[in-house]
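Protein chains in written order, with my numbering: chain A, 1 to 106; chain B, 1001 to 1106.
Built from N, CA and C at the ideal position, the CB exists for glycine as well.
Let me begin by presenting the structure, written as structure tokens, before commenting on it.
2 protein chains.
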Amino acid sequence: MPLSRSKAVLRAQVIKSLAHPSRIQMVAALESGERCVCELAEVVGADMSTVSKHLALLKSAGLVSVEKRGLNQYYRLKCPCLASFFDCVDGINETHSKSMRAACAR
Amino acid sequence: MPLSRSKAVLRAQVIKSLAHPSRIQMVAALESGERCVCELAEVVGADMSTVSKHLALLKSAGLVSVEKRGLNQYYRLKCPCLASFFDCVDGINETHSKSMRAACAR
DNA sequence: TGACTACTTGGCTATTTTTGCAAATAGTCT
DNA sequence: AGACTATTTGCAAAAATAGCCAAGTAGTCA
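Spelled out as structure tokens, the structure:
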């Protein structure tokens, strides 16, 4: 039985939220602990308003949570499985770049 | 040390290739074995040309490989880790929908 | 209260992605 | 060769994303 469209849409919402280099860098930064928006803006080198929108996306996908302390909003990862998720992605890239090199050498 | 931009871009290429409901349905269908383009078009309910383009994307990201036999192009998954990848995604969705319900009940 | 800092939101433009139709390509079969 | 099937490619329109600036909100601190 094929995966239903609605389940595919739910998966896509989460995956889309990770489908941007800046958001991937932000998540990677959050793997070592919570960060406020301006720290993440520093990490990715973008306008704070842009970073804030990226974070809103990650939040609505359920990947991060926020806590306000003083003037700052501290974002943190909600889900411990992302490390293995990225391992899988990196593995695909390694395999793929190898097969690309082999194809070019041919 | 933060994740470099170039590594984040590489990860994003793979993740983007999965960031669409139709492509997710296609990958799910391929989990039970190879499929030709017209079978996958049936699964997602889209024009075959559209499906062909989705598949080209998955291929260039290194997720699938193709083999031509007769008139058909048979696509298959290149990477066994996708199941756990989607488990992680589904887990995020479950956690998130629970917290959404809790927020609404409040 | 007023100045200041951290952040979010609105608005706008630019870019990227998605889609189907039509045309081109490639293999099969008589 | 000619008809037929499966797939890919070119094109153009529509939709979704990303980015920045400016303006608004909220907490802090003198």
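Query, Result
"As assigned by DSSP and simplified to three states, the class of E989(B)", "Here chain B comprises residues numbered 1001 to 1106, so residue 989(B) is not present and cannot be evaluated."
"Range covered by the beta strand (DSSP E) that runs through L63(A)", "Unbroken run through L63(A): none, as it is neither H nor E."
"Whole beta strand (DSSP E) elements within the stretch 11 to 60 of chain A, 3-residue minimum", "none"
"L58(A) to C1081(B) span [Cα, whole Å]", "23 angstroms"
"S84(A) to E1039(B) span [Cα, whole Å]", "31 angstroms"
"Beta carbon proximity, Q73(A) to chain B, threshold 8 angstroms", "no"
"Residues bridged to L1077(B) (per DSSP)", "V1064(B)"
"Beta-carbon proximity check, R23(A) vs I1024(B), cutoff 8 angstroms", "no"
"Residue burial classification, A19(A) (beta-carbon count within 10 angstroms, cutoff 16)", "buried"
"Close beta carbons around R76(A), own chain, < 7 angstroms, minus the five adjacent residues each side", "L30, E34, V64 and S65"
"is_contact[V66(A), chain B] using C-beta, thresh 8 angstroms", "no"
"Contact test: G45(A) Cβ vs the ligand ATP heavy atom, cutoff 7 angstroms", "Because no ligand of any kind appears in the structure shown, any question about the ligand ATP cannot be addressed here."
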